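This report concerns only the one structure given below.
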Amino acid sequence: MCEVVEIVSAGKSYVRIIKVKNMNEQTITVTLPNSVCDRIRTTAQATSLTSEEVIKQSVMPAFESDIPQNHRLNLAKLPLLNDIQLWKAANSVMKDTRQSRLEELAELQKNRSLTKNEQSELSSLMNEAQQTMLCKAEARRILAQRGHVIFKAVEH
75 MCEVVEIVSA GKSYVRIIKV KNMNEQTITV TLPNSVCDRI RTTAQATSLT SEEVIKQSVM
135 PAFESDIPQN HRLNLAKLPL LNDIQLWKAA NSVMKDTRQS RLEELAELQK NRSLTKNEQS
195 ELSSLMNEAQ QTMLCKAEAR RILAQRGHVI FKAVEH
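Residue numbers (my numbering): 75 to 230.
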């Protein structure tokens with residue numbers, strides 16, 4: 075259980091997190107720019123979450139065990155990107171040739187059994203597609219936390 079003790083602004087901002095486990099306390103101090111601490115506060119207020127929950131939701135995806143290791147490494151890098159880089163990741167797509175090949179193999183599989191090479195290629199392309207979608211979703215989540223509008227409301 076992590077408890078955010080304080081977010082202090084004094085030139086440099088930092089977050090002090092106390093982790094309590096087996097009656098031992100471990101203090102982790104992270105120095106962050108004022109802008110990041112402001113985003114934490116703003117996000118917490120906008121989402122009716124505590125600063126602790128905002129930080130936890132920002133950190134935890136990098137450590138999720140149900141995501142393959144290679145995907146976790148890529149996801150862990152996303153919070154370090156600036157907004158322009160995140161928008162690029164949020165709008166990324168597979169190359170047209172790779173997407174077309176994925177669709178072609180999926181159609182072939184409906185009509186006949188794939189060869190070992192085709193099955194291996196399909197598996198690789200599906201893995202790439204999954205990684206692309208995870209990256210896009212996580213980039214959009216981070217952008218939303220930073221206050222960006224991801225989806226515009228449609229007026230009826």
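In this text, a Cβ means the ideal position worked out from N, Cα and C, and glycines have one as well. Just so it is clear, the structure is predicted and the values come from calculations on it, not from any experiment.
1. Report the three-state DSSP secondary structure of V128 (helix, strand or coil).
2. Quick check on the DSSP output: the alpha helix (DSSP H) that includes K169 runs from which residue to which?
3. Can you tell which of T124, L182, E202 and M134 has the C-alpha that lies nearest to the C-alpha of K169?
4. What is the rounded straight-line gap between the Cα of R113 and the Cα of I216?
5. If you reduce the DSSP assignment to three classes, tell me which class L208 lands in.
6. Anyone know if the C-beta pair for A164 and K226 falls short of 8 angstroms?
7. Within a Cβ cutoff of 6 angstroms, which residues of the same chain sit near Q205, ignoring the five residues on either side of it in sequence?
8. Using the three-state DSSP reduction, which class does V110 fall into: helix, strand or coil?
9. Which class does V223 belong to by DSSP, given the choice of helix, strand or coil?
Short version:
1. Locating residue 128 in the sequence shown gives position 54, counting from the first residue. In the structure shown, V128 sits in a helix (DSSP, three-state: H, G or I).
2. Here the question's residue 169 lines up with position 95 in the sequence shown. Where K169 is concerned, there is no enclosing alpha helix (DSSP H), given that its DSSP letter is neither H nor E.
3. Taking the first residue of the sequence shown as 1, we reach residue 169 at position 95. Taking only the C-alpha atoms, the option nearest K169 is E202.
4. Locating residue 113 in the sequence shown gives position 39, where the first residue counts as 1. Locating residue 216 in the sequence shown gives position 142, where the first residue counts as 1. Each residue's alpha carbon lies about 11 angstroms from the other.
5. Stepping through the sequence shown from its first residue, residue 208 is reached at position 134. In the structure shown, L208 sits in a helix (DSSP, three-state: H, G or I).
6. Looking up residue 164 in the sequence shown gives position 90. Looking up residue 226 in the sequence shown gives position 152. In this structure, K226 does not lie closer than 8 angstroms to A164 by Cβ.
7. Your numbering for residue 205 matches position 131 in the sequence shown. If we look at Q205 and ignore the five residues flanking it on each side, its Cβ neighbours are H145.
8. The sequence position of residue 110 within the sequence shown is 36, counting from 1. It is helical.
9. The residue you call residue 223 lines up with position 149 of the sequence shown. If DSSP states are grouped into helix, strand and coil, V223 belongs with coil.
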